[in-house]
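Residue numbers (this note's numbering): 3 to 145.
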Amino acid sequence: MREIKTEIQISSDPDKVWGILTDLPGWANWNPIVNKIEGDLEVGAILSITMSDAKGNDGKSYRSVITAMDEEKRFTFIGTMMAKFIFSVERIIELENSQKGTLFTQREIYTGLMASIFWKKLNEYALPMLNSMNKALKDKAES
C-alpha cells in the first residue's frame, strides 16, 4: 500500500465546498485535472471520469465505484486496473470544519501488485495534479 495526501485551507464553509464537489457536471468548469465526471453520488454507484491531458484535451478515462458517502464530510471512490489485486486506487475526499472555514484533504491509496512498480511515476505526477485540483477548488469556493 502506498499513499499520497494533500491538504488546503479554504476560507468557505464546508457546505459551500461540498456543493461544489457534488456538482459533478460543474467539475469541468473549475477542475484542471478532470474534463468530465458523470454518475450518481451514492454508495455503489459508478462514476465515469475523463481526465484532462497536459493541453486540456480529454485524456484517459476510467470508471470508479463510490464506496463511502458522508454528507458534507467525506466521499470515497475506488478504481481498479484489470482486477483489484493487480492495481487499484482509492480516492478519499474529506472536509473538516475549521476556524478559518474548511480544511480540504485528498488522499489516494494505491494497492495491488503494480502499485510499487508505478509508485515513482504516481508520486511524481499525482501529487502536483491533486495540489492543482486543491488550489482550483479553493479559488472556486472563495470567489
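Beta carbons: idealized from backbone N, C-alpha and C, even for Gly.
Spatial distance of residue i from residue j (CA atoms)
i: R4; j: E144; result: 32 Å
i: D55; j: V36; result: 9 Å
i: Y112; j: V91; result: 5 Å
i: K137; j: I12; result: 9 Å
i: Y127; j: Q101; result: 32 Å
Under the three-state DSSP convention, the category residue i falls into
i: V67; result: strand
i: M53; result: strand
i: I22; result: helix
i: I35; result: coil
Cβ-Cβ distance between residue i and residue j below 9 Å
i: I51; j: T78; result: no
i: R76; j: A70; result: yes
i: P27; j: E9; result: no
i: I6; j: L139; result: no
Neighbour-count burial assignment, residue i, 16 or more Cβ in a 10 Å radius
i: N33; result: buried
i: G46; result: exposed
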